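Undergrad: Below you will find the structure I want to go over with you.
Residue numbers (the numbering used here): 274 to 876.
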């Protein structure tokens, strides 16, 4: 099997594959949010520390395991111990869940990309109502960008209990997204290796273009000052450290099996230590780089909204009190307001309810992440830019490159263990296996294009992977250090690559990293328990805003099933192997088995 195994054409392809898998949408729409929530520049301190203590060691561990064992996640862990095959199965299950909803983001990206060529952009203005006497009420209460997202794109239902009909346009975009993934993985590393040249490099080029343009936008400096003004008090906030560790963990794609699958196509003598360091540093640098771009544009949006608010207030006061044009400006607004309130209290009290409290700080304080940042905040900023169609096309093209790169990693993590299986590969060629994986994922993923699909998307996004991959990574470190043996693993690596493990890697794998993972696992577990009733954000069309609602019982059951179906693979896999071995011994001895014979023998 090893002789016929595909390999990367060159080490650069492998490096770009890891970069494309690690540098994903989370770098663009979650890291800036965490900076905003936890002290701006001061958040970089826990982030860098967690990158060194957790991210880099785990990445090296997974690359080394995949490269040394030269198999996908199931085969690699089964080689270390027959009882650890469930670890690889758990990775596959988690990645399957993630793939189902993750490619929906690419479908939305295609949807917005296609609409980016319209002039004006369809989310820049509210549509007229049925009588053509004004604008749609829902759009007026919300905003044109929110209306286009919630009504035109999702056509979202009022609650998760109202599934509604499938939206055929997003559904077609989802089929297109999966077709692209299939074409990219059709010929294994021969095709994906070439695709990674684009998915790893083009997003950086687009971000660079956005950075140059964003820095020239009016108000960009306000966003950058907000980002890099540290809030030292956040350094003692435990949630800042926990979220930094989580961001590092998931942005590098640890525990999903993608890195093991990629490394399995390497030359055994490849210096995977160097690649782990390079990818980790590039991932961290890209997160900071994307935050600078995001906050430059965010500063422009906030300044634009703030100045528009001031203009409306000035116009209202000027007309209400017959002031001379130009006598009231932003600089003397508060002074004039105080004067009018004291001189004309009755009239001012009538005008005051119609005035907005304009604040640049409150505009910048609005914290948004995920799809809200990409499809609402960014689109709101883009619609106010010159040449808005161009910037919209560039932005959603970048999102697609990031999303497709991550999807290729997810698909490889699922397909590699299946093609490694002699039972499956003996009956089905790799092209058919890849096609079936994509078809099943696409068919199930159509659920997310229904009117309630966005709510199910959030469930999968929040609960399908977090606890599972933490448990997987913990078992991985224990398996290498205490089942296979750290000294034995060190000896194997040195024999293959010529590089000996230094004290840093051994200390991280044997002690520091597992303890950090246990801490994260306990935090999330306790957080779920202490939170009590799980809630979701539902769209209220009558108010034009999101409202909190409790998950119904069937949604809670799905959440429990998502967590259990992957985590239980590890103990069930070990138990299944144990029972199988005992029955084989029983068949060989032609004797009957007792319960005590099913237990492992001491020593």
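Note that CB positions come from ideal geometry on N, CA and C, so glycine has one too. The structure displayed is predicted, hence computed values, not measured ones.
Tell me the DSSP secondary structure of residue 329 in three-state form.
TA: Residue 329: helix per DSSP, three-state reduction.
Undergrad: Where are the alpha helix (DSSP H) runs, 4 residues long or more, that stay fully inside the stretch 650-694, in chain order?
TA: Counting only runs of 4 or more, we get 651-656, 661-693.
Undergrad: What are the boundary residues of the alpha helix (DSSP H) that includes residue 603?
TA: Neither: residue 603 is in no alpha helix (DSSP H) and is coded neither H nor E.
Undergrad: Relative to the C-alpha of residue 576, which candidate in 517, 541, 657, 429 has its C-alpha closest?
TA: Ranking the options by Cα distance to residue 576, first place goes to 657.
Undergrad: If you count every other CB in all the chains shown that lies within 10 Å of the CB of residue 680, and 16 or more means buried, which is it?
TA: It is buried - the Cβ of residue 680 has at least 16 other Cβ atoms within 10 Å.
Undergrad: For residue 712, count neighbouring Cβ atoms within 10 angstroms of its own Cβ and tell me buried if that reaches 16, exposed if not.
TA: Exposed: under 16 other Cβ atoms inside 10 Å.
Undergrad: Apart from the five residues just before and just after residue 714, which ones in its own chain have a Cβ nearer than 8 Å to its Cβ?
TA: Excluding positions up to five away in sequence, the list reads 369, 372, 373, 376, 451.
Undergrad: Which ranges does the alpha helix (DSSP H) cover as unbroken runs of at least 4 residues, wholly within the stretch 722-785, from first to last along the chain?
TA: Runs found: 726-736, 739-751, 759-770, 776-780.
Undergrad: When burial is assigned at 16 or more other CB atoms within 10 Å of the CB, is residue 478 buried or exposed?
TA: With fewer than 16 Cβ atoms within 10 Å of its Cβ, residue 478 is classed as exposed.
Undergrad: Apart from the five residues just before and just after residue 335, which ones in its own chain have a Cβ nearer than 6 Å to its Cβ?
TA: The residues are 532, 533.
Undergrad: Report yes or no: do the stretch 512-526 and the stretch 586-596 share at least 3 C-beta pairs separated by less than 8 Å?
TA: The stretch 512-526 vs the stretch 586-596: no contact.
Undergrad: Might you give, ordered along the chain, the residues of its own chain that have their beta carbon closer than 7 Å to the beta carbon of residue 647, omitting 5 neighbours on each side?
TA: Excluding sequence neighbours, residue 647 sits near 302, 672.
Undergrad: Please state the DSSP three-state secondary structure of residue 477.
TA: The answer is helix: DSSP assigns residue 477 an H, G or I state.
Undergrad: Between the stretch 840-848 and the stretch 445-461, do three or more beta carbon pairs fall short of 8 Å?
TA: Judged by Cβ distances under 8 Å, the stretch 840-848 makes no contact with the stretch 445-461, as fewer than three pairs qualify.
Undergrad: With residue 820 as the anchor, note down where its alpha helix (DSSP H) starts and where it stops.
TA: Element bounds for residue 820: not the alpha helix (DSSP H) but the beta strand (DSSP E), 818-823.
Undergrad: Name, in chain order, the residues that DSSP records as bridge partners for residue 811.
TA: Answer is 820, bridged to residue 811.
Undergrad: To the nearest angstrom, report how far apart residue 432 and residue 812 are at their CA atoms.
TA: Taking the straight line from one Cα to the other gives about 8 Å.
Undergrad: My assumption, with CB atoms under 8 Å, is that residue 341 sits in contact with residue 766. Please give the rounded CB distance.
TA: About 7 Å; that satisfies the 8 Å criterion.
Undergrad: Span of the alpha helix (DSSP H) holding residue 398?
TA: Careful: residue 398 lies outside any alpha helix (DSSP H) and carries neither H nor E.
Undergrad: Classify residue 520 as buried or exposed, calling it buried when 16 or more other Cβ atoms lie within 10 Å of its own Cβ.
TA: By the 10 Å Cβ count, residue 520 comes out buried.
Undergrad: Among residues of its own chain, excluding the 5 on either side of residue 495, which ones have a beta-carbon nearer than 8 Å to its beta-carbon?
TA: The answer, listed in chain order, is 572, 575, 576, 633, 637.
Undergrad: Counting only the same chain and skipping the five closest in sequence on each side, list residues whose C-beta sits under 6 Å from that of residue 560.
TA: Closer than 6 Å at the Cβ level, and outside the excluded window around residue 560, lie 300, 304.
Undergrad: In whole angstroms, give me the CA-to-CA distance for residue 398 and residue 307.
TA: Their backbone Cα atoms lie some 31 Å apart in a straight line.
Undergrad: Closest by CA to residue 346, which one among 695, 686, 724?
TA: The residue with the shortest Cα to Cα distance from residue 346 is 686.
Undergrad: Using only the alpha-carbon positions, how far apart do residue 367 and residue 839 sit?
TA: Rounded to the nearest angstrom, the two C-alpha atoms are 6 Å apart.
Undergrad: Let's test the definition: count the other Cβ atoms within 10 Å of the Cβ of residue 693 and tell me whether it reaches 16, buried, or not, exposed.
TA: Residue 693 comes out buried.
Undergrad: Nearest to residue 434 by alpha carbon, out of 728, 794, 396, 790?
TA: Nearest C-alpha to residue 434: 728.
Undergrad: Can you give me the Cβ contacts of residue 279 inside the same chain, cut-off strictly under 6 Å, excluding the 5 residues immediately before and after it?
TA: Contacts found: 461, 462, 538.
Undergrad: Starting from residue 454, trace the alpha helix (DSSP H) both ways and give me its first and last residue.
TA: Residue 454 -> alpha helix (DSSP H) spans 441-458.
Undergrad: At which residues does the alpha helix (DSSP H) containing residue 638 begin and terminate?
TA: Here the alpha helix (DSSP H) through residue 638 covers 633-638.
Undergrad: Out of 785, 770, 768, which one is the CA nearest neighbour of residue 776?
TA: With distances taken between Cα atoms, residue 776 lies closest to 785.
Undergrad: Taking DSSP's pairing of strands, which residues face residue 408 in a bridge?
TA: Answer is 401.
Undergrad: For residue 744, tell me which candidate among 391, 801, 360, 831 has the shortest Cα-Cα distance.
TA: Closest option to residue 744, Cα to Cα, is 360.
Undergrad: Output needed for residue 396: all residues of its chain with C-beta closer than 7 Å, excluding positions within five of it in sequence on either side, in chain order.
TA: Contacts found: 417, 418, 421, 652, 656.
Undergrad: Say whether the stretch 546-553 touches the stretch 286-299, bearing in mind that this needs 3 or more beta-carbon pairs closer than 8 Å, one atom from each stretch.
TA: These segments touch.
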